[in-house]
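**Q** As given, the protein sequences belong to chains Y and F, one line each in that order.
Quick note: to get my numbering, add 184 to the position in the first sequence (first position is 1).
Quick note: to get my numbering, add 184 to the position in the second sequence (first position is 1).
Using N, Cα and C, we set each Cβ at its ideal position, and we do this for glycine too.
Protein chains: 2
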Amino acid sequence: MTAAVAFIDDQGLSGLTMRRLGSSLGVEAMSLYRYIPGRQELLDGVVDTIVNQMYDDEEIHQSPQHGWQDFLQRLAHGVRRIALAHPKAFPLVASRPPEAPWLRPPLRNLKWVESFLDGLASEGFSDEAAVAAYRAFTSFLLGHLLLEVSSLGADVGPLDVLEDDSQPSSLADYPRVRRLHGALAEDHSAAEFEMSLENLLERISLLQTEASS
Amino acid sequence: MTAAVAFIDDQGLSGLTMRRLGSSLGVEAMSLYRYIPGRQELLDGVVDTIVNQMYDDEEIHQSPQHGWQDFLQRLAHGVRRIALAHPKAFPLVASRPPEAPWLRPPLRNLKWVESFLDGLASEGFSDEAAVAAYRAFTSFLLGHLLLEVSSLGADVGPLDVLEDDSQPSSLADYPRVRRLHGALAEDHSAAEFEMSLENLLERISLLQTEASS
DNA sequence: ACCTGAACACCGTTCAAGT
DNA sequence: ACCTGAACACCGTTCAAGT
């Protein structure tokens with residue numbers, strides 16, 4: 185299972201094939217069916233592996249000890265760290281059918297949701313505030329990471345190294361883009377993540393106090 | 185090309201196969217190679233079709249006439265509408281290699297970026313503010329939509345209709361989740377989109393005025 | 001000029017057969 | 001109990017051959 189994650193990490197999602205995974209394990213592909221029922225389930229396993237990696241990380245997952253802000257900060261940063269460590273596999277988290285499809289946003293593991301709600305409740309969040317916080321937090325976090333990861337991983341399939349003949353693709357037609365080329369190319373994703381997270385925590389703190397009205 | 189989009193819309197991404205697309209057009213698969221070089225390029229074409237659909241929509245794409253807030257509102261809503269109309273195809277927008285990989289966030293069509301920057305400039309945005317607004321706006325919009333779309337489309341592959349034997353999967357183990365089941369299941373994605381967009385526009389308006397300091 | 005059939009290398013998956 | 005070989009139905013893609 186962890187072999188599959190490693191495989192995706194360096195071969196890309198479309199590089200993961202039963203036959204290739206098999207031979208990378210020194211075994212014929214057909215043997216894999218002794219351990220998992222099929223490729224779909226293999227992918228589900230990959231997602232679970234990553235998600236559990238987040239759940240088990242001591243750094244990430246512990247009840248709040250320095251306030252809920254610290255709790256959510258750690259959660260957000262921890263999830264981001266692991267997502268960025270597996271850019272090619274992370275999109276699966278969103279594309280596999282979730283364990284709880286009725287959840288908004290849907291998520292794969294309820295274990296996770298439970299401990300999230302638990303953490304907030306222990307910090308004095310009302311039920312309503314905790315649910316609203318869940319919504320805002322997960323949709324920010326997943327949305328942001330799905331985008332950030334897509335600019336890395338970009339699993340194109342076994343597209344051979346593309347020639348660098350691709351000019352800055354007729355930048356001539358786009359004067360504004362050309363002029364701001366430098367600024368537009370800077371990677372601020374980490375700083376932006378920080379800013380948006382700050383902003384989100386502020387909004388959540390409003391939610392929390394609002395509840396008493 | 186539009187045939188391919190329609191195909192994905194109801195068969196899912198993994199249902200789109202050269203052979204099947206061919207026969208849905210009343211032609212042998214091999215003929216398709218007269219028109220496009222391969223499957224990868226077909227997918228690129230699908231993305232371009234969708235993106236152009238957004239670009240050409242009169243409702244969406246016009247220079248600001250009622251202020252930049254209205255401009256961005258219309259843009260956001262228009263893009264969302266089209267994304268939700270093609271939930272199975274939209275993720276491709278993020279996973280295909282972009283035309284301008286150096287852009288942060290990377291995007292497929294510079295045409296789009298150019299007119300975005302143009303619109304803001306015509307509303308008095310400085311270069312720096314326009315770039316910052318581009319970053320914040322696109323990463324919010326794409327991030328949010330990627331997540332929202334994934335809870336629809338969910339292209340699992342030709343997984344036959346799964347039996348409804350799937351209990352509310354041992355909800356017993358998660359008392360908190362069970363208790364808040366009702367609240368957690370409500371779909372507020374539209375309202376949340378609205379709220380986050382509001383919030384984003386406020387942040388952008390700060391950016392804009394800050395520039396003079 | 002456009003389409004087709006046959007072919008090749010690769011999939012996922014099944015199953016009878018080997019040890 | 002675990003692995004394998006051969007087989008089936010399906011891919012993407014190429015190419016010589018048909019009209």
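State the Cα-Cα distance for the pair Leu256(Y) and Ser207(F), rounded to the nearest angstrom.
**A** The straight-line gap from Cα to Cα measures roughly 52 Å.
**Q** Express the C-alpha separation of Leu355(F) and Phe309(Y) in angstroms, rounding to a whole number.
**A** Approximately 22 Å, taken between the alpha carbons.
**Q** If you draw a straight line from the alpha carbon of Met214(F) to that of Val230(F), how long is it in whole angstroms?
**A** Whole-angstrom Cα-Cα distance: 19 Å.
**Q** Under 8 Å, Cβ to Cβ, is there at least one residue of chain Y near Gly327(F)?
**A** True, the Cβ-Cβ gap to chain Y drops below 8 Å.
**Q** With 8 Å as the threshold, decide whether the Cβ of Ser306(F) is near any Cβ in chain Y.
**A** So, not an interface residue.
**Q** How would you list, in chain order, the residues of chain Y whose beta-carbon sits under 7 Å from the beta-carbon of Arg319(F)?
**A** Chain Y residues near Arg319(F): His372 and Glu376.
**Q** Among the candidates Val189(F), Gly303(F) and Arg204(F), whose CA atom is the shortest distance from the CA of Asp232(F)?
**A** Nearest option by C-alpha distance: Val189(F).
**Q** Name the two residues that bound the continuous alpha helix (DSSP H) containing Gly192(F).
**A** One point to set straight first is that residue 192(F) is Ile, not Gly, in the sequence displayed. Where Ile192(F) is concerned, the enclosing alpha helix (DSSP H) stretches over Thr186 to Gln195.
**Q** What three-state label does DSSP hand Leu364(F) in the structure shown?
**A** Three-state result, Leu364(F): coil.
**Q** In three-state terms, what does DSSP make of Ser306(F)?
**A** Three-state DSSP puts Ser306(F) in coil, outside helix and strand.
**Q** Taking the continuous alpha helix (DSSP H) assigned at Phe255(Y), which residues delimit it?
**A** Where Phe255(Y) is concerned, the enclosing alpha helix (DSSP H) stretches over Gly251 to Ala269.
**Q** Determine whether the Cβ of Trp286(Y) lies closer than 8 Å to any Cβ atom of chain F.
**A** Taking Cβ atoms only, chain F reaches closer than 8 Å to Trp286(Y), which makes this a yes.
**Q** Does Arg292(Y) pass the burial test, meaning 16 or more other C-beta atoms within 10 Å, or should it be called exposed?
**A** Burial call: buried.
**Q** Compare the C-beta of Val315(Y) against all C-beta atoms of chain F and say whether one is closer than 8 Å.
**A** Yes, because at least one Cβ of chain F sits closer than 8 Å to the Cβ of Val315(Y).
**Q** Give, in chain order, every residue of the stretch 351-370 of chain F whose Cβ lies closer than 7 Å to some Cβ of chain Y.
**A** The stretch 351-370 of chain F vs chain Y, Cβ under 7 Å: Ser353, Tyr358, Arg360, Val361, Leu364, Ala367, Leu368, Ala369 and Glu370.
**Q** On the DSSP bridge assignment, give the partners of Ala284(F) in chain order.
**A** Looking at the DSSP assignment, Ala284(F) forms a beta bridge with Leu291(F).
**Q** Cα separation between Ala320(F) and Arg319(Y)?
**A** One C-alpha to the other measures close to 20 Å.
**Q** Any C-beta of chain Y within less than 8 Å: which residues of the stretch 263-281 of chain F qualify?
**A** Those residues of the stretch 263-281 of chain F that come within reach of chain Y (Cβ to Cβ, closer than 8 Å) are Pro275, Ala278, Ser279, Arg280 and Pro281.
**Q** Measure the beta-carbon distance from Ala314(F) to Val315(Y) and round it to whole angstroms, keeping in mind my assumption that it falls under 8 Å.
**A** Contact doesn't hold; Cβ gap of about 37 Å is too wide.
**Q** Please confirm if Glu382(Y) has its CB atom under 8 Å from at least one CB of chain F.
**A** No, no contact with chain F.
**Q** Starting from Thr322(Y), trace the alpha helix (DSSP H) in both directions and tell me its first and last residue.
**A** Looking at the DSSP string, the run of the alpha helix (DSSP H) that includes Thr322(Y) is Asp311 to Ser335.
**Q** Helix, strand or coil: which one does DSSP assign to Ser389(Y)?
**A** In the structure shown, Ser389(Y) sits in a helix (DSSP, three-state: H, G or I).
**Q** Using only CA atoms, which one of Val263(F), Leu336(F) and Tyr358(F) lies nearest to Leu301(Y)?
**A** Minimum Cα distance to Leu301(Y) is reached at Tyr358(F).
**Q** Hey, is Asp254(F)'s beta-carbon within less than 8 Å of any beta-carbon in chain Y?
**A** For Asp254(F), the answer is no, since every Cβ of chain Y falls outside 8 Å of its Cβ.
**Q** Give the interface partners of Leu331(F) over in chain Y, defined as CB-CB distance under 8 Å, in chain order.
**A** The contacting residues are Ala278, Pro289, Ser323, Leu326, Gly327 and Leu330.
**Q** Nearest by alpha-carbon distance to Thr322(F): which of Ser335(F), Ser373(F), Val277(F) and His365(F) is it?
**A** The option with the nearest alpha carbon to Thr322(F) is Val277(F).
**Q** When you compare the CB of Asp344(F) with every CB in chain Y, is at least one pair closer than 8 Å?
**A** Interpretation of Asp344(F) is limited by its pLDDT of 46, a score under 50 that renders its predicted location unreliable; the figure taken from the coordinates is listed afterwards. So, not an interface residue.
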